[in-house]
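Going letter by letter, the sequence shown gives residues 66 to 986 in the numbering used here.
Below: one structure, written as structure tokens.
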Amino acid sequence: MKLFLIDAYALIYRSYYAFIKIPRINSKGVNTSAIFGFVNSLEDVLKRETPTHIAVAFDPKGPTFRHEAFEQYKAQREETPEVIKQSVPIIKDIIQAYNIPILEVPKYEADDVIGTIAKQAAKEGFDVYMMTPDKDYGQLVEEHIFMYRPRFGGDYEVMGIPEVLNKYGLTSTNQVIDLLGLMGDSSDNIPGCPGIGEKTAQKLLTEFGTIENLLANTDKLKGVQKQRIEDNADQILFSKFLATIKTDVPIQFDASLCVYEKPNEERLTEIYTELEFKTFINKMKAEPKKPASKGPIQGDLFGLFETESPSSSKYSTLADLNTTPHKYYIADTEEKQLDLARFLMSQDFFAFDTETNSIDPLNAELVGMSFAVKENEAWYVPVPENSIEASKVTERFSSVLQNEKIQKIGQNIKFDILVLRKYKVKVNGPLFDTMIAHYLLNPELRHGMDYLAETYLKYKTVHIEELIGPKGKKQLSMRDVPLSKISSYAAEDADITLRLKNFFAPQLKKEGIESLFYDIEMPLVYVLADMEATGVTIDTIALKQSSEELTAVMKSLEKEIYELAGIKFNINSARQVGEILFSRLKIEEKAKKTKNGSYSTSEDILEKMRSKHPIIGKLLEYRGLKKLLSTYIDALPELIRSATGKIHTSYNQAVTATGRLSSTNPNLQNIPVRDELGREIRKAFTADNANCIFFSADYSQIELRIMAHLSSDQHMIEAFRSGADIHAATAAKIYGVPINEVSSDMRRKAKTANFGIIYGISIFGLSERLNIPRAEAKELIEGYFQTYPRIREYMDESIAKAKEKGYVETIFKRKRFLPDINSHNAVVRGYAERNAINAPIQGSAADIIKLAMIHIFNRFEKEGIKSKMILQVHDELNFNVYKEELEKVKQIVLEEMEGVIKLQVPLIADCGEGINWLEAH
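What follows is the structure, given as structure tokens:
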């Protein structure tokens with residue numbers, strides 16, 4: 066896969082100045098030089114390099130974080146030419162017509178956005194080409210990241226690690242930052258060290274490696290050079306900061322959005338006609354465009370991020386089906402299928418995979434199954450479309466799939482388990498999911514089969530597009546694929562899954578996470594599959610009523626807001642809201658502005674100003690209602706499946722780095738369960754019928770209890786063991802008063818400190834959150850650590866261990882890797898240090914509730930309980946319970962949640978019941 070990231074302004078400026086002597090002026094008197102040059106370069110790179118993925122990054126309007134740090138940053142640059150200012154909106158329209166995403170993040174330059182995306186994409190298996198003439202990008206170059214530099218005369222040069230090192234006389238691409246920090250960069254007004262040019266900087270870096278090492282060893286320098294460097298040490302370090310391209314910009318690479326597909330020719334024709342670009346119109350008509358897929362592909366849940374044309378040169382050195390000896394068989398008769406089933410029954414394990422006509426497991430129909438027990442050997446079993454005949458086929462394999470002694474190996478095996486449930490086949494026995502194995506080994510990488518095969522097996526799998534074609538109206542169903550093709554494709558899936566299992570199993574043992582994998586993550590697959598299949602009932606009448614009531618409240622709020630503003634305006638327009646608040650009402654004299662020059666009216670900014678004018682509270686309430694309506698109340702009914710009348714959320718085990726589950730359709734983890742608006746959502750989640758009740762149980766302060774256990778702080782342990790209110794107990798110790806004299810305000814502050822400390826809250830952060838002076842926040846934090854002295858020591862120990870090992874662990878040995886823990890960048894390092902403290906706590910909490918879910922699920926099955934676990938939200942479990950089973954369910958749930966692990970402090974679970982989630986919790 067080949068991703069091109071284009072630095073828009075670098076290309077636009079270059080294009081503009083290329084025509085500076087003979088500008089392109091159309092009949093309307095418009096200078097189209099920058100636009101023409103940009104489009105010409107874009108067309109050239111698309112044709113010349115045929116990228117599979119592409120995106121264009123723009124600098125935002127307004128100052129960046131570098132301007133805030135250094136007022137003179139880029140100050141010497143001439144004002145942007147008017148032609149470029151006028152051209153940029155048109156160029157953006159053209160890019161959008163190409164169906165190419167535009168990347169732009171407030172306060173971060175295009176360099177930083179490209180750097181961040183490049184690093185993320187490279188981890189996902191992309192070869193990334195950064196199209197820019199700027200030498201700064203050399204610092205980003207690594208094994209799969211290249212500079213793609215335009216040359217004068219129309220050619221390009223690709224610069225990998227050797228080219229960058231050779232060009233700048235360095236030993237590491239990271240030294241590009243040090244080079245710029247020493248010699249400065251006049252184009253960006255980075256000062257560097259006076260009197261140090263490129264050659265001198267190269268010599269110094271050859272000797273000392275980094276600026277930091279140079280400054281630590283100035284005693285080895287002589288004369289004027291020594292004096293200059295010592296006198297300008299702070300300026301040199303600051304110059305390095307300015308020259309460092311950030312790779313942690315708040316933006317997430319989404320490969321599906323960057324797939325290069327056919328442009329919108331109709332829209333491009335309109336724009337080009339207006340600009341009088343006849344050449345491009347004629348080119349577009351003359352050259353046939355190759356359609357490309359974008360987004361999820363039918364029938365292949367694991368190809369979402371690994372789509373690539375078969376001819377890609379990236380895979381030229383990889384093995385594939387054509388170069389690897391293999392024996393794949395088709396079991397297409399009853400006799401062959403029975404023979405295969407008997408053979409599988411004699412095995413200790415087998416890998417299997419299902420082929421379906423949909424990536425939705427609850428709606429999917431089986432097209433076929435594949436099995437493998439030996440590498441490079443597999444069987445494909447076609448499943449007829451006719452439901453009666455299909456059931457006969459699945460029945461032949463039901464015994465072996467349901468055998469509790471045979472290990473089943475799969476890639477995202479929960480999908481296959483759910484599909485087979487429709488055919489009355491309940492998969493049993495120990496599992497090995499290669500996707501989850503890789504997730505435990507490398508939680509922050511991608512886990513798709515194609516990526517895993519390429520990375521670990523050096524093997525290129527057959528891609529689904531080769532069978533059914535690209536996404537669109539003409540895309541085939543897997544049912545339409547000839548048996549000869551689908552059999553090889555499916556058998557390969559089972560074969561590769563087995564090979565991945567053989568590769569990952571020893572790695573799990575080596576990393577000491579076999580127990581986490583086999584005792585928690587694998588049994589949890591069965592639990593989640595059952596929860597997803599069971600679903601949860603939604604009260605659509607209650608939602609409709611809530612929608613009507615909240616819409617009426619919004620209308621009332623609108624009138625109040627208009628009255629307070631003294632004028633009608635579009636409340637949903639951030640720009641107009643900003644104008645009202647800051648230009649008309651003048652609530653804040655020095656209001657912040659966004660990248661496009663309008664006032665910033667984000668929720669956190671408005672929240673800080675809530676007390677300054679009554680209109681702000683009304684606006685926040687209006688926004689909250691609008692978000693609630695659009696995200697949940699009006700959206701939830703659309704997610705109800707007609708076949709069951711329920712919502713079936715999908716739980717993801719291999720997404721979050723912390724080990725927590727995530728969910729989609731709907732995203733349960735983001736439901737505001739505790740505030741007043743959240744009440745309307747919880748009210749809609751109900752028991753199945755009048756014979757059932759909604760039961761909810763959640764852990765009480767589990768993260769604080771884990772903190773007490775991990776730190777072994779005797780004061781906190783004593784507070785939990787005594788059963789005291791931990792927040793009141795904390796307040797009593799901090800403020801030096803008896804617990805019965807703790808005021809509600811004291812408790813509130815102590816509670817914020819208790820939870821804030823876990824997340825590494827700063828004095829400034831605590832001050833902001835509690836709306837108290839920083840001096841008081843400082844005293845509160847200091848008092849906290851005096852109260853619980855081992856907490857401070859635990860935090861320091863966690864950071865020290867992370868610096869030594871590069872990762873931290875949960876109680877169950879789940880690892881959180883922290884590559885930035887030793888970063889010289891204080892901001893980056895600080896984020897890693899906070900994770901070093903929090904990850905073991907949050908991850909342990911996630912592991913504990915997963916283990917509790919497994920124990921509860923197993924008890925239900927063992928004791929014949931009909932009631933079902935239906936929802937998991939962080940530290941909370943929800944159940945649909947038959948009324949006659951309520952007491953038994955309550956007993957099982959509380960026993961298993963509170964007894965799941967023995968810590969130094971007791972685990973406590975609170976519970977409740979009602980006709981819906983609101984009443985139960």
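All residues carry an ideal CB built from backbone N, CA and C; glycine is no exception.
Secondary structure at M596, three-state DSSP: helix, strand or coil? Taking the sequence shown and counting its residues from 1, one reaches residue 596 at position 531. Of the three classes helix, strand and coil, the one that applies to M596 here is helix, per DSSP.
With a threshold of 8 Å, are at least 3 pairs of Cβ atoms found where one atom belongs to the stretch 410 to 417 and the other to the stretch 462 to 479? By the Cβ criterion, the stretch 410 to 417 is in contact with the stretch 462 to 479, since at least three pairs of Cβ atoms, one from each stretch, lie closer than 8 Å.
DSSP three-state call for Q907: helix, strand or coil? Against the sequence shown, residue 907 aligns to sequence position 842. Three-state result, Q907: helix.
Buried or exposed for V32, please, with buried defined as at least 16 other CB atoms from any protein chain shown within 10 angstroms of its CB. Outside the shown range of the chain (66 to 986) lies residue 32, about which nothing can therefore be said.
For the pair the stretch 576 to 584 and the stretch 461 to 470, tell me if three or more CB-CB distances fall below 8 Å. no
Segment limits, alpha helix (DSSP H) that includes P571: For this step, residue 571 is matched to residue 506 along the sequence shown. Looking at the DSSP string, the run of the alpha helix (DSSP H) that includes P571 is L548 to K575.
Helix, strand or coil at H1017 [DSSP, three-state]: The requested residue 1017 is not part of the displayed model; the chain covers only 66 to 986.
Using the C-alpha atoms, what's the distance from I930 back to I746? For this step, residue 746 is matched to residue 681 along the sequence shown. For this step, residue 930 is matched to residue 865 along the sequence shown. Using only the alpha carbons, I get a separation of about 28 Å.
For A722, the nearest candidate out of V873, S809 and T729 (CA to CA): To locate residue 722, count along the sequence shown from 1; it is residue 657. Answer by Cα proximity: V873.
Three-state class that DSSP yields for G979 in the structure shown: The count along the sequence shown starts at 1 and reaches residue 979 at position 914. Strand, per DSSP.
Span separating the alpha-carbon of G360 from that of D790: Numbered from its first residue, the sequence shown carries residue 360 at position 295. Numbered from its first residue, the sequence shown carries residue 790 at position 725. Any answer about G360 is weak, because its pLDDT of 32 lies below 50 and its placement is not dependable; what the coordinates show is given next. When rounded, the distance between both Cα atoms is 50 Å.
What number of angstroms, rounded off, separates the C-alpha of L622 from the C-alpha of M860? Mapped onto the sequence shown, residue 622 falls at position 557. Mapped onto the sequence shown, residue 860 falls at position 795. C-alpha separation (whole angstroms): 46 Å.
Do you know how far the Cα of L205 is from the Cα of V970? Against the sequence shown, residue 970 aligns to sequence position 905. Against the sequence shown, residue 205 aligns to sequence position 140. Roughly 47 Å between the two C-alpha positions.
Using the beta-carbon count (16 or more within 10 Å), is D296 buried or exposed? The residue labelled residue 296 in the question sits at position 231 within the sequence shown. Exposed: under 16 other Cβ atoms inside 10 Å.
Put F634 into one of helix, strand or coil per three-state DSSP. Translated into positions along the sequence shown, residue 634 becomes position 569. Correct three-state label for F634: coil.
Helix, strand or coil: how does DSSP classify R89 here? Within the sequence shown, numbered from 1, the residue matching residue 89 stands at position 24. In this structure, R89 counts as coil in the three-state DSSP scheme.
For Y687, which residues from the same chain have a beta carbon less than 8 Å from its beta carbon, with the 5 sequence-adjacent residues on both sides left out? Taking the sequence shown and counting its residues from 1, one reaches residue 687 at position 622. Contacts found: M619, L622, E623, I626 and I636.
Using 10 angstroms around the beta-carbon of G102, count the other beta-carbons present and answer buried if the total reaches 16, otherwise exposed. Locating residue 102 in the sequence shown gives position 37, counting from the first residue. Looking at its Cβ environment, which holds 16 or more other Cβ atoms inside 10 Å, G102 is buried.
Would you say the stretch 516 to 530 touches the stretch 584 to 591, given that touching needs at least three Cβ pairs under 8 Å? no
Integer Cβ distance of I771 from I906, believed to fall under 8 Å: Position 706 of the sequence shown holds residue 771. Position 841 of the sequence shown holds residue 906. Sure, about 5 Å apart at Cβ, within 8 Å.
List the residues that DSSP assigns as beta-bridge partners of S727. Sequence index remark: in the sequence shown, residue 727 carries index 662 (1-based). DSSP, once it has assigned bridges, lists N717 as partnering S727.
As a quick exercise: from K816, V446, F647 and S761, pick the residue whose alpha carbon is nearest that of E941. Locating residue 941 in the sequence shown gives position 876, counting from the first residue. When each option's Cα is compared against that of E941, the closest is S761.
Below 8 Å on the Cβ atoms is my guess for V95 versus F69; work out the distance and round it to an integer in Å. To locate residue 95, count along the sequence shown from 1; it is residue 30. To locate residue 69, count along the sequence shown from 1; it is residue 4. Not really, about 28 Å apart at Cβ, beyond 8 Å.
Helix, strand or coil for E614? Go by DSSP, reduced to three states. Position 549 of the sequence shown, counting from 1, holds the residue named residue 614. Helix at E614.
Which whole-angstrom value is the C-beta distance of L247 and I301, which I expect to be below 8 Å? To locate residue 247, count along the sequence shown from 1; it is residue 182. To locate residue 301, count along the sequence shown from 1; it is residue 236. So it is a contact: roughly 6 Å between Cβ atoms.
Kindly give me the distance between the Cβ atoms of S435 and A556, rounded to whole angstroms, as I take these residues to be in contact under 8 Å. As a working mapping, residue 435 is identified with position 370 in the sequence shown. As a working mapping, residue 556 is identified with position 491 in the sequence shown. The C-beta separation of S435 from A556 comes to about 5 Å, placing the pair in contact by the 8 Å criterion.
Tell me whether Q937 sits in a helix, a strand or coil according to DSSP, three-state version. Locating residue 937 in the sequence shown gives position 872, where the first residue counts as 1. Strand.
Look at the Cβ atom of I712, then the Cβ atom of L704, and state whether they are nearer than 8 Å. Here residue 712 is taken as the residue at index 647 of the sequence shown, counted from 1. Here residue 704 is taken as the residue at index 639 of the sequence shown, counted from 1. Yes, the Cβ-Cβ distance between I712 and L704 is below 8 Å.
Since A719 contacts Y504 with CB under 8 Å, what's their CB separation in whole angstroms? Numbered from 1 along the sequence shown, position 654 holds the residue referred to as residue 719. Numbered from 1 along the sequence shown, position 439 holds the residue referred to as residue 504. With 8 Å as the limit, A719 and Y504 qualify as a contact, their Cβ atoms being about 4 Å apart.
So what does V946 bridge to, in DSSP terms? Residue mapping note: residue 946 aligns to position 881 of the sequence shown, counting from 1. Per DSSP, I758.
If you follow the beta strand (DSSP E) that A416 is in, where does it begin and where does it stop? For the purposes of this step, residue 416 is identified with residue 351 of the sequence shown, where counting begins at 1. Looking at the DSSP string, the run of the beta strand (DSSP E) that includes A416 is F414 to T421.
Can you say whether E143 is buried or exposed, counting buried as having 16 or more other CB atoms within 10 angstroms of its CB? The count along the sequence shown starts at 1 and reaches residue 143 at position 78. Unreliable placement is indicated for E143, whose pLDDT of 49 sits below 50; no coordinate value is reported for it.
Would you check if there are 3 or more beta carbon pairs closer than 8 Å linking the stretch 892 to 904 to the stretch 918 to 928? no
Candidates F882, V946 and I973, of which the one nearest N756 by Cα: Mapped onto the sequence shown, residue 756 falls at position 691. When each option's Cα is compared against that of N756, the closest is V946.
Nearest-angstrom Cα separation, counted from G821 out to E833: Position 768 of the sequence shown holds residue 833. Position 756 of the sequence shown holds residue 821. One C-alpha to the other measures close to 12 Å.
List the residues that DSSP assigns as beta-bridge partners of I210. In the sequence shown, residue 210 corresponds to position 145, counting from 1. Paired residues: V193 and E207.
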